[in-house]
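For the protein sequence lines, the chains are A and B, in the order given. For the record, in the first sequence the residue sitting at position 60 is 62 according to the working numbering, with numbers rising by one throughout. For the record, in the second sequence the residue sitting at position 456 is 647 according to the working numbering, with numbers rising by one throughout.
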Amino acid sequence: MKAARIAALPALVAGGLLSGCAGGSTLITAAPLCAGPDGADNGVVLMAQSVPTATQVPCIRSALPLGWNFHHLDARNGRAQFSLDSDRDGQMAVEVRLEASCTTAGATEVPSDRDGMRRLERVGRTSPSYAGTRYYLFDGGCLSVVFSLASNDAGEALAVASQAVGFVSRDELRAQVRDASGGRLSLDPPPHENG
Amino acid sequence: MATLPPAVTATGTVARPQPPALRHVRRRRRPSGEPPPLPRHLNASGKWWLAASGAVVLAWIAVAVTGSVSLFDVADTRVLQAFAQVRSPPLTRIALIAGALATPIGVYLLWVANFAVLIVLRRWRHLFVWVGVALVVVNLGGTMLTLLQRPRPYEVALIGRWAGFSMPSLPITVLTTFLVCTLYSLVPAGRYRTAGKWVICGLLAVTALSRLYLAQDHPTDIVAGAILGVAVPLAAFRWLTPNDVFPVSYRRGRTAHLDVTGIRGDAIIRALQDQLGLLATSVKPFNLEGSGGSTPLKICVKSDDAAGESYVFAKLYAATHVRSDRWYKLGRTLLYGRLEDEQPFHSVRRLVQYEDYVLHLMDDAGLPVSHPLGIVEITPEREYLLVTEFIAGSSEIGEADVDEAIIDQGLAVVRRMWEIGLAHRDIKPANLLVCDGRLVIIDTAFAEVRPSPWRQAVDLANMMLVLGLRTDAETVYQRARRQFSEEEIAEAFAATRGLTMPTQLRRLLRQRGRDLHAQFLELLPYRLPPVRIQLFSWRRVLLTIATLFGAVLGVMILISVLGQPL
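Rendered as structure tokens:
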């Protein structure tokens, strides 16, 4: 029955494809824009649902600089993260991660470029390629921006993280959901409901 | 009916008895638009589920165009809030357990278990459909998630695991698909499958309630996911693995044999009347153990003689037989190299047409074959019936008395095939019948017109070996010398060994415990060098490389599939 065993090969190949496809089916390839036609994109709302305590939610401010592309958004209960690809610094060169809290051990606090947020920096290495993490701490959440660059020139990536990644406040998202539902729905459950 | 030509033998002719006077009625041409005797069908429920999925897609479009998603959001939220009202720690623990089937690990285990069982059972077609359906559904669901971009439920605490957008509910879609695929690939049709449908309903209901309680999905996400998850596999399995062609069965026996009771039996009877004008009264499997490539049938038909009824023989060929033939030939090419014509048939219609043509050719040449009565279409491009005369009272040559007259007839068959440029290529005891002192040759599906001289020589040696099984080499050799020269017989035995003999013949020779082949060689005044058969060809080399590459790739992917939850 060698022929029959050969017949199983396409199934195995398809099985491999299937496992790959299914694993990626919940990943979102559309960039979560801070300001779309109807306010923040639903991807931003989904990130807010991932971390219900976060008062700020990251998003993409506008079109990315030349050479940079949005990779995907993975939003799930407890955390949300999206990443950016660079034609010079490689795939997922910058990863933006939203969590309720994060460990900032070894990071140094620096003056923040965002209102109401503390900023910390930790440099892993600078040569032969740059690796480091930037943290933004705010009420109910922590945003980690992880740099894994193919080169040691971090200037452009650090600038992209500052300029292209923005924030939408949870209050703005609440207002957006309320408006979209004609005042009938709210983004978050009533405060007394703790699940 | 025209008088049949007599079979030619070395000792004269053997008169063929006239076939029974079968009663014929007027044949009927199927009008355009009328379904064939056994149409492909989806059943009413399959159509209903497909319509439901169409309705889901239309609803999505309508909601997107009218911007009325908030209405659904509000309605869904109210339902989820009602569930949230009854939340308690024990209920939450129960809900988390109840929803385990729709978790990545639950779905993954279901997938791997099905994969393994289908491979062990060698149910390849079901496996392919399974994988294809899963690919389609997962990608369709993923595409809809991206297009619709519906956030998770509002105004209620989400206390279960979730990922990505919510419409349709991908866990429910995939779980439903996998459960329906399991049902249609592993559970036999009938009451077990009916019971299985209720079990699936129960499992899905429990899972859905769990997900609503945990507020992982909106109710409408779950409904849409379940409809998609049922409709796609249901349509695919009913269309691509219809139960009457690819039955799920755990009975022992060859899978090539089709069930000829029920709607297929009725279709055969109707088709015989419409297409051949024969009035069939019963259709029964016949000598199944002797056939692996088709379903042989003994069909009772009305006749005009005193008995009032007679029989015809029929071979039911289905697309599955053509595929089996294709894989069998590929396997032989890989294992043994080039054995002359190993090109497979590409459609069941061609296979049946070819066998019918060869039967006519042999019949016209006076060879003792079952008189062909025609081809009957059961399902276009899928099932055909080749109808021939029924040889009543016959027995296999391996169980019959073989005298010199039978030996002469057998050898004359080979001589006559040489004369008309034909090789049978499957001469073995199961394909030689003896009936009232008359030899009949059957199963001409492997025959080849204008074969190579080597193939013709193999036919002679195989015929002599079959005849020698029931007598002795000396007698067969002496009778053969009346029709064949020493050189022809020497060439035959130089060409024939091992793989060139049909499996049944090889097995019987081993069982007899005497080397009949060697005995014939000893009788020859001289021997010719063996004819090489295991010729390497580019096709074989490339196929072998491709197979090895595929095997390595398959193992790597299997490891990947086993290690990576869906």
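A virtual CB, placed ideally from N, CA and C, is assigned to each residue, including glycine.
Scanning its chain for C-beta atoms nearer than 8 Å, with the 5 sequence neighbours on each side dropped, one finds around leucine 151(A) the residues Ser88, Asp91, Gly92, Ala95, Ser131, Tyr132, Ala133, Ala159, in chain order. Taken through DSSP and simplified to helix, strand or coil, cysteine 36(A) comes out as coil. The beta-carbon of serine 261(B) is placed less than 7 Å from the nearest beta-carbon of chain A. Spatial neighbours of proline 362(B) in its own chain (CB-CB distance under 6 Å, excluding positions within 5 residues in sequence) are listed in chain order as Ala293. Threonine 268(B) belongs to the set of residues whose beta carbon lies under 7 Å from a beta carbon in chain A.
Within the segment 350 to 362 of chain B, those residues whose Cβ lies closer than 7 Å to any Cβ of chain A are, in chain order, Ile350, Arg352, Trp353, Ala354, Gly355, Phe356, Leu361.
The criterion of a C-beta distance shorter than 7 Å is not satisfied by tyrosine 508(B) and valine 560(B). Contact annotation: the segment 415 to 430 of chain B touches the segment 369 to 386 of chain B, with at least three C-beta pairs closer than 8 Å. Counting along the chain, the unbroken alpha helix (DSSP H) around valine 421(B) starts and ends at 410 to 431. Taking a cut-off of 8 Å for Cβ pairs, the segment 462 to 477 of chain B and the segment 510 to 523 of chain B do not touch, as fewer than three such pairs fall below it.
Closer than 9 Å at the C-beta level to chain B, one finds these residues of the segment 25 to 36 of chain A: Gly25, Gly26, Ser27, Thr28, Leu29, Ile30, Thr31, Ala32.
For the segment 65 to 80 of chain A, the residues whose beta carbon sits under 9 Å from a beta carbon of chain B are, in order, Leu75, Asp76, Ala77, Arg78, Asn79, Gly80. Between valine 503(B) and valine 578(B), the C-beta spacing is below 7 Å. Around arginine 343(B), the beta-carbon contacts reaching into chain A at under 7 Å are Leu48, Gln51. From the listed residues Ala348(B), Pro344(B), Tyr345(B), Gly355(B), the smallest Cα separation to glycine 332(B) is found for Gly355(B). Looking at Ala652(B), Trp645(B), Glu595(B), the one whose alpha-carbon comes closest to that of lysine 619(B) is Ala652(B). Looking at the DSSP output, lysine 489(B) shares a beta bridge with Lys475(B), Phe504(B).
As summarised for the segment 113 to 144 of chain A, the continuous beta strand (DSSP E) elements at least 3 residues long and confined to that stretch are 120 to 127, 133 to 140, given in chain order.
In terms of CA proximity to arginine 124(A), Thr106(A) leads the group Cys61(A), Phe140(A), Thr106(A), Asp43(A).
Leaving aside the five residues that flank alanine 33(A) on each side, the residues in its chain whose CB is nearer than 7 Å to its CB run, in chain order, Ile62, Phe72.
If you draw a straight line from the Cα of methionine 654(B) to the Cα of valine 605(B), it is about 8 Å long. About 18 Å separates the Cβ atoms of arginine 541(B) and valine 436(B), ruling out a contact at the 8 Å cut-off. Under the three-state reduction of DSSP output, proline 571(B) falls in the coil class, being neither helix nor strand. In this structure, the CA atom of glutamine 710(B) is about 21 Å from the CA atom of tryptophan 645(B). Between phenylalanine 581(B) and valine 667(B), the alpha-carbon positions lie close to 29 Å from each other. Annotation: arginine 661(B) to arginine 316(B) spans about 42 Å, alpha carbon to alpha carbon. Secondary-structure assignment with DSSP links tryptophan 70(A) through a beta bridge to Ser88(A). When DSSP states are grouped into helix, strand and coil, histidine 448(B) belongs to the coil group. In the displayed model, leucine 361(B) falls within a helix according to three-state DSSP.
Under DSSP, glutamine 58(A) forms a beta bridge with Ser171(A).
For glutamine 83(A), DSSP records a beta bridge to Asp76(A), Arg99(A). For a cut-off of 8 Å, the C-beta gap from alanine 102(A) to glycine 143(A) is around 6 Å, short enough to register as a contact. Check the Cα spacing between histidine 409(B) and each of Arg723(B), Tyr345(B), Ile310(B), Thr257(B): the tightest is with Tyr345(B).
In the DSSP assignment, valine 625(B) falls outside any alpha helix (DSSP H) and within the unbroken beta strand (DSSP E) covering 623 to 626.
Annotation for arginine 314(B): no alpha helix (DSSP H) segment contains it, and DSSP assigns it neither H nor E. In the same chain as proline 228(B), and ignoring 5 residues on each side of it, the C-beta atoms closer than 6 Å to its own belong to Ala458, Arg461, Ala462, Ile569, in chain order.
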